[in-house]
Amino acid sequence: GYPQCLTITVLGASGDLARKKTYPALFSLWKAGHVPFNTKILGYARSKLELDEFKGKIRLFLKDSSNEKIEHFLSICDYVQGEYSSIEEGPPCFSGLNEVIEQLEREVEVNWKENAFITPSTSAAENKKYKRVVGNRIFYLALPPVVYPSVCAEIKASAMSSTKGSWTRVVVEKPFGKDLESSEKLNQSLSALFSEEQLYRIDHYLGKELVQNLVVMRFANRFISPLWNRDNIANVQIIFKEPFGTEGRGGYFDDYGIIRDVIQNHLLQIMCLVAMEKPCSLSPDDIRDEKLKVLRCIAPVSTDNVVVGQYSTGPHGQPAYVDDPGVPENSMAPTFCTCVMYVKNERWDGVPFIIKAGKALNEAKCEIRVQFKDVPGDLFESRRVQGKQARNEFVVRLQPDPTIFMKMTVKEPGLDMNLAQSELELLYTTRYQRVAIPEAYERLILDCINGDQQHFVRRDELVAAWTIFTPLLKYIDAGGMKPYPYPYGSVGPYEANALRERVGHQTNVIG
Ligand code: BG6
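Quick look at the structure:
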């Protein structure tokens, strides 16, 4: 085929996301040989930085490698300084960026034609037949969403790839709006410029190893698939706990709150993968069609099924949420939420999906807990002090320490016939010692390079997700729900556990 080259432009290159996530992910991909030959990485931002200064900022976050490797990677990185929208009557602000990209493409072309190093197997004469190198382009917007429309308009006006057979892809990060209306407004402005195939909406939870495993676990195991329904499952919990507060991000967070920050996107996406029917195939759209059906079977969350909280000072002098700079002292933004949703379809009707998410809690944990119903015809009732069965649970722990385990009841070893709960456990660090689990961003950027949209959020999914949460969010924003205070470092407000129990979750106690 034609010679190809790829330019990945990271917009917002000097910001936190780019330095902490995007560049390290690109580095890992490059190290492992997953970045196509002839790839250049261009950082673009408003800061006036010399190339070396910029590289210095990036270098700080590139770990686990020899200096030589790091320097080699940095040699494919460049930096362009510029604005994110044109000033009236001035030149389009991305025309300079476009020139740099074209220049890079020309260099590849010259090398190609001279057969300097690209295809030792073909002759220079043969290479001359190609008029142009196919210059593909990825624009990664590591930027606040307010600038998406202007930046995308600039890309469209001045920086699209133009060589025959080439493609342009645009990667955007959440938040995609604040509610259904604002998200649709954003969608409309982006889809006036790009097709759905060109837009990659990242939800980095979809890139996590154990989230990707859900499709395999559910549909490749005979002992799971027949039990995965309302006849056998009592409730499903999706839990996200962080042991730190907003820590300086309060200014952003206060406008969003925990529901927009992690529930409406990350945790709801997980819920879709737990609840969806078997797709017709593994094609990205077949899978996304099934996720969409789940979303469309979930009614907007009822305020009766929600408990919100906000962290207060902790026992060891930890600050309250309202102490974070940028947070108004009377803020009512939730930093914690437990909510219950139902998927009204044949498989799940009546099964509560309990989502619990909070910052400044007692531990770092993200897991899915599928709790099974009691065993009918309980043979061991008379032996129990409390008269309750311990329920089976299937647990998928995303982090820390990715693990899959099954809680089951067994006979406690010994002469007596006592019951105990035990675990069948697959701990990744033990079982897959030699495999480095890829970072979510690595996988997703690679998917984008390969044109695979399976793990990116489609517009209709986004609309359906916002439809579920918008009425609740509006109610909360209007001051309808006062968050319960909970101390920094605690398990969250007591009321959340009460809600969980009200809908039928059972805390396992054997006795
Ligand atoms: C982000 C949220 O999307 O996800 C953060 O904005 C949150 O508030 C983060 O801390 C969690 O991601 P991870 O991969 O660290 O679990």
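If you use UniProt numbering, the sequence shown corresponds to residues 38 to 548, in order. The beta carbon of each residue, even a glycine, is placed where N, CA and C say it ideally should be.
| Item | Value |
| --- | --- |
| Beta-carbon gap between glutamate 136 and glycine 172 smaller than 7 Å | no |
| The beta strand (DSSP E) enclosing proline 186, as first and last residue numbers | Proline 186 -> not in any beta strand (DSSP E); alpha helix (DSSP H) instead, spanning 185-191. |
| Buried/exposed call for cysteine 374, threshold 16 Cβ in 10 Å | buried |
| First and last residue of the uninterrupted beta strand (DSSP E) at proline 129 | Element bounds for proline 129: n/a, residue is neither H nor E. |
| Cβ neighbour criterion (16 or more within 10 Å) applied to threonine 46 | buried |
| Inter-stretch contact (C-beta, 8 Å, three-pair minimum) for the region 489-496 and the region 236-253 | yes |
| Cut-off 7 Å between Cβ atoms - residues of its own chain near arginine 537, not counting five sequence neighbours on either side | Thr375, Ile391 |
| Neighbourhood of arginine 206 by C-beta distance below 7 Å, restricted to the same chain and skipping five residues each side | Ile175, Gln235, Tyr237, Cys485 |
| beta-carbon aspartate 298 near the ligand BG6 non-hydrogen atom, thresh 6 Å | yes |
| Extent of the continuous alpha helix (DSSP H) to which lysine 448 belongs | It is not in any alpha helix (DSSP H) - lysine 448 instead sits in the beta strand (DSSP E) that spans 440-448. |
| Test item: CB-CB of arginine 421 and phenylalanine 409 under 7 Å | no |
| Sequence-distant residues of the same chain with beta carbon closer than 8 Å to valine 432, five excluded per side | Glu404, Ile405, Arg406, Val407, Thr440, Ile441, Phe442, Met443, Lys444 |
| Stretch pair the region 360-380 + the region 338-352: three plus CB contacts closer than 8 Å | yes |
| Exposure label - arginine 539; buried when at least 16 CB within 10 Å | exposed |
| In DSSP terms, what glutamine 115 is bridged to | Per the sequence shown, the amino acid found at residue 115 is aspartate instead of glutamine. Paired residue(s): Leu79. |
| Beta strand (DSSP E) segment containing threonine 46, residue limits | 41-48 |
| Bounding residues of the alpha helix (DSSP H) (the contiguous stretch that carries serine 226) | 217-228 |
| For glutamine 470, three-class secondary structure by DSSP | coil |
| Valine 72 versus alanine 401 - alpha carbon distance | 32 Å |
| At least 3 beta-carbon pairs within less than 8 Å: the region 74-87 vs the region 114-133 | yes |
| Neighbour-count burial assignment, methionine 313, 16 or more Cβ in a 10 Å radius | buried |
| Nearest to glycine 488 (by Cα), restricted to the options Asp514, Val145, Trp204 | Trp204 |
| contact_flag[the region 284-291, the region 356-364] where n(CB pairs < 8 Å) is 3 or more | yes |
| Cβ contact (3+ pairs, closer than 8 Å) linking the region 185-198 and the region 212-231 | yes |
| Same chain only: Cβ atoms within 7 Å of phenylalanine 154, ignoring 5 sequence neighbours per side | Bear in mind that the predicted position of phenylalanine 154 carries a pLDDT of just 47, short of 50, making it too unreliable to give a figure here. |
| Cβ separation of proline 524 and glycine 351, assumed to be a contact under 8 Å, to the nearest whole Å | 5 Å |
| Tyrosine 525, DSSP secondary structure in three states | coil |
| Nearest-angstrom Cα separation, counted from serine 419 out to lysine 57 | 57 Å |
| Cβ contact check for the region 299-310 and the region 326-333: 3 or more pairs under 8 Å | yes |
| Separation of serine 122 from valine 183, as counted between CA atoms | 11 Å |
| Asparagine 266 vs arginine 169 beta-carbon contact at 7 Å | no |
| Whole-angstrom distance between tyrosine 469 and lysine 201, CA atom to CA atom | 44 Å |
| Given residue 23 as reference, the closest of Leu251, Gln249, Ile124, Lys150 once Cα atoms are compared | Given that the chain is displayed from residue 38 to residue 548, the structure contains no residue 23 and the question cannot be resolved. |
| Separation of serine 527 from threonine 544, as counted between CA atoms | 18 Å |
| Touch test, the region 101-112 against the region 50-68, Cβ-Cβ under 8 Å, three pairs minimum | yes |
| Valine 147 in three-state terms, based on DSSP | helix |
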